[in-house]
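Each residue of the first sequence is one higher than the one before, counting from 33 in my numbering. No residue lacks a Cβ here, since even glycine has one placed at the ideal position from N, Cα and C. A short worksheet on the structure shown next.
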Amino acid sequence: MAKSGLEVLKERGFVQQCTDMDALEKLMDSERVTFYVGVDPTGASLHIGHMVPFFAMHHLQKAGHRPIAVVGGGTSMIGDPSGKSDMRKMLTIEQINENASSIKDQLGKIIDFGEDQAIMVNNYDWLGGLNYLSFLRDIGIHFSVNRMLSFEAYKQRLEKGLNFIEFNYQLLQSYDFLKLNQDYGCKLQMGGDDQWGNIVAGMELIRRVEGPEAEAIGLTFPLVTRADGKKMGKTEKGAVFLDPSMFSPYEFFQYWRNVADADVGKFLKFFTFLEIEEIAELEKLEGSDINVAKERLAFEQTRIIHGEEEAAKALEAAKAAFTSGGGEGAMDKDSIPSVDVPSSEIEAGIGIMDLFARTGLCSSRGEARRLVQQGGARVNEVQISDIDAVVGSDAVVDGEILLKAGKKRYFRVVVID
RNA sequence: GGGGAGGUUCCCGAGUGGUCAAAGGGGGCAGACUGUAAAUCUGUUGGUUACGCCUUCGAAGGUUCAAAUCCUUCUCUCCCCA
Numbered sequence: 033m034a035k036s037g038l039e040v041l042k043e044r045g046f047v048q049q050c051t052d053m054d055a056l057e058k059l060m061d062s063e064r065v066t067f068y069v070g071v072d073p074t075g076a077s078l079h080i081g082h083m084v085p086f087f088a089m090h091h092l093q094k095a096g097h098r099p100i101a102v103v104g105g106g107t108s109m110i111g112d113p114s115g116k117s118d119m120r121k122m123l124t125i126e127q128i129n130e131n132a133s134s135i136k137d138q139l140g141k142i143i144d145f146g147e148d149q150a151i152m153v154n155n156y157d158w159l160g161g162l163n164y165l166s167f168l169r170d171i172g173i174h175f176s177v178n179r180m181l182s183f184e185a186y187k188q189r190l191e192k193g194l195n196f197i198e199f200n201y202q203l204l205q206s207y208d209f210l211k212l213n214q215d216y217g218c219k220l221q222m223g224g225d226d227q228w229g230n231i232v233a234g235m236e237l238i239r240r241v242e243g244p245e246a247e248a249i250g251l252t253f254p255l256v257t258r259a260d261g262k263k264m265g266k267t268e269k270g271a272v273f274l275d276p277s278m279f280s281p282y283e284f285f286q287y288w289r290n291v292a293d294a295d296v297g298k299f300l301k302f303f304t305f306l307e308i309e310e311i312a313e314l315e316k317l318e319g320s321d322i323n324v325a326k327e328r329l330a331f332e333q334t335r336i337i338h339g340e341e342e343a344a345k346a347l348e349a350a351k352a353a354f355t356s357g358g359g360e361g362a363m364d365k366d367s368i369p370s371v372d373v374p375s376s377e378i379e380a381g382i383g384i385m386d387l388f389a390r391t392g393l394c395s396s397r398g399e400a401r402r403l404v405q406q407g408g409a410r411v412n413e414v415q416i417s418d419i420d421a422v423v424g425s426d427a428v429v430d431g432e433i434l435l436k437a438g439k440k441r442y443f444r445v446v447v448i449d
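See below:
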């Protein structure tokens, strides 16, 4: 017999807290449950730090339940104080709407937005036109400031300073849950564990408005951390975005390929659709064999986000670049960022520092100088350590020059007429 | 509204007239070691035409041969009181 959606979530480690697990189990066994997760449209693209809830949605949807993705068009104009040390930037409605539509496309890779399968709504639709006084009278009346201040999230912010506008966030998010409960019969809200307070507040609001018998349950996911303590989904250059124009599939693949040993099993459960049994097998690997599991993680994850073809290309490119010998010939060229340079410049010869500085490999000539001096610069896999070296047309292979900085970063210089 | 403390380089944080492109730590980059891991060690970390020069210590003025450091005004943040 098939596992229930909730069982899948539990065995994969998605459950951090639940307001009433018994009730949720009963509810999910007895009906198709409509549930929601909030998404903040604060950026043009989602990044992998956002993804845990989406994978959870996928699993529940697969088990027959109906997800609602709520784009926080309205709430993102306020800023959620939970767990944040600073107030967030406020965006315009236009920016938010633009972000929301690209987010829906990305979300579509993980959950099915087919007919009656899932719903996407923007809370600006109901928050945008709210009347302040009536909101206070209808919703504000149900909130106790004393109780709100007792939440850990607010306590922390009270130390640092909390703006009134942010203090309202919880009311708005609670109102979302109420609204969805009324309009769509949404009975479950899920979110990261930092949302616990907001979720509970929403449940309480529903009970107060709709009566104590109203069904409303909250569930939170653990905040995913990396074994090295860094933030999930962040690299030095910024977040690991799903948008291929902001973060190439190859780099995306590499991000997952390079996760810490200790994180592989966890990430396989969170971020792939592999069966739990198969993951268990992969988790048994030790030593350098763990690389097999990492490769699988990277491949599966890239396939989900960028498609089978891109995943295969990234895998090939990575193998070509890192397997002994490292022949760049087999590498997929499209996956490596490039810059166009006129053939006349190449024929005249370009100084090694200038060449690196005009690629994305180095941000200045000074940086390029250091790279060369420290032995990290390679042209067509040949180390160049002379800062005065000049690269000319003899370095061009198949119409381009392959540059490498350090061990993992490649860049192509494409010669054009 | 009153009083106090502050805004320093990617971040945290020293620096209270020249020796400051600015200690230390974190982060980043590179090298060694490895398994495209972790940990560790080493170097490096504003720009440049690399001698020197230019830009940088919240903003704008001023004092001075010389200012991150002193003065004035402005601005932002935090704390206490009301």
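Outcome for residue i when other beta-carbon atoms lying within 10 angstroms are tallied against a minimum of 16
| i | result |
| --- | --- |
| Ser176 | exposed |
| Ile197 | exposed |
| Thr257 | exposed |
| Val447 | buried |
| Ala343 | buried |
| Val429 | exposed |
| Asn230 | buried |
| Tyr156 | buried |
| Gly319 | exposed |
| Glu184 | exposed |
| Val453 | This structure cannot settle anything about residue 453, because the visible part of the chain is limited to 33 through 449. |
| Val324 | exposed |
| Ser425 | exposed |
| Tyr207 | buried |
| Arg179 | exposed |
| Ala349 | buried |
| Ser133 | exposed |
| Asp215 | exposed |
| Gly243 | exposed |
| Ile128 | buried |
| Gln221 | buried |
| Arg64 | exposed |
| Arg169 | exposed |
| Leu345 | Reading off the sequence, residue 345 comes out as Lys, not Leu. Lys345 comes out buried. |
| Ile125 | exposed |
Residue i - containing alpha helix (DSSP H), residue span
| i | result |
| --- | --- |
| Leu314 | Ile308 to Glu315 |
| Gly297 | Val296 to Phe303 |
| Ser133 | Ile125 to Leu139 |
| Val404 | Arg397 to Gln405 |
| Ile322 | Ile322 to His338 |
| Ile378 | Ser375 to Ala380 |
| His91 | Met83 to Lys94 |
| Val291 | Careful: Val291 lies outside any alpha helix (DSSP H) and carries neither H nor E. |
| Val40 | Gly37 to Glu43 |
| Arg239 | Trp228 to Glu242 |
Cβ-heavy atom distance, residue i to the ligand HEM, below 6 Å
| i | result |
| --- | --- |
| Arg239 | The ligand HEM is not part of this structure, which contains no ligands at all. |
Spatial neighbours of residue i in its chain, beta-carbon cut-off 6 Å, leaving aside the 5 residues before and after
| i | result |
| --- | --- |
| Gly358 | Confidence at Gly358 is low in this model, with a pLDDT of 45, below 50, so its placement is unreliable and no value can be given for it. |
| Gln93 | Pro99 and Ile143 |
| Gln202 | Asn230 and Ala233 |
| Thr74 | Ser108 |
| Gly265 | His79, Ile80, Gly81, Ala271 and Val272 |
| Leu237 | His174, Ser206 and Leu210 |
| Tyr450 | What is shown of the chain runs 33 to 449, which leaves residue 450 out entirely. |
Among the options, nearest to residue i - alpha-carbon criterion
| i | options | result |
| --- | --- | --- |
| Val153 | Leu92, Lys42 and Ile100 | Ile100 |
| Ile80 | Ile238, Lys440, Asp430 and His338 | His338 |
| His90 | Ile125, Trp288, Leu194 and Ser36 | Ser36 |
| Arg335 | Glu315, Phe305 and Tyr186 | Phe305 |
| Lys351 | Glu340, Phe331 and Ile384 | Phe331 |
| Asp372 | Ala248, Ile173, Asp449 and Leu347 | Asp449 |
| Glu379 | Asp420, Gly431, Ile110 and Arg240 | Gly431 |
| Leu41 | Ala55, Ala88 and Ala34 | Ala88 |
| Asp260 | Asp295, Ser277, Glu283 and Trp228 | Asp295 |
Counterpart residues of residue i in DSSP-defined beta bridges
| i | result |
| --- | --- |
| Gln221 | Tyr68 and Gly250 |
| Ser370 | Arg444 |
| Cys50 | Leu251 |
| Gln415 | Arg410 |
| Phe273 | His79 |
Boundaries (first-last residue) of the beta strand (DSSP E) holding residue i
| i | result |
| --- | --- |
| Ala101 | Arg98 to Val103 |
| Met152 | Ile151 to Asn154 |
| Lys436 | Glu432 to Ala437 |
| Arg410 | Ala409 to Val411 |
Sequence-distant residues of its chain with Cβ nearer than 7 Å to residue i (five each side left out)
| i | result |
| --- | --- |
| Gln48 | Asp225, Thr252, Phe253 and Pro254 |
| Val4 | The question about residue 4 has no answer, for the chain in this structure spans 33 to 449. |
| Phe279 | Val272 and Phe273 |
| Lys408 | Per the sequence shown, residue 408 should be read as Gly rather than Lys. If we look at Gly408 and ignore the five residues flanking it on each side, its Cβ neighbours are Ala437 and Gly438. |
| Leu38 | Leu56, Glu57 and Met60 |
Other residues of its chain near residue i: CB distance less than 8 Å, five sequence neighbours each side excluded
| i | result |
| --- | --- |
| Thr107 | Gly70, Asp72, Asn155, Leu159, Tyr201, Leu204, Gln205 and Asp208 |
| Cys218 | Thr66, Phe67, Tyr68, Ile100, Phe209 and Leu212 |
| Gly45 | Pro254, Lys298, Lys301 and Phe302 |
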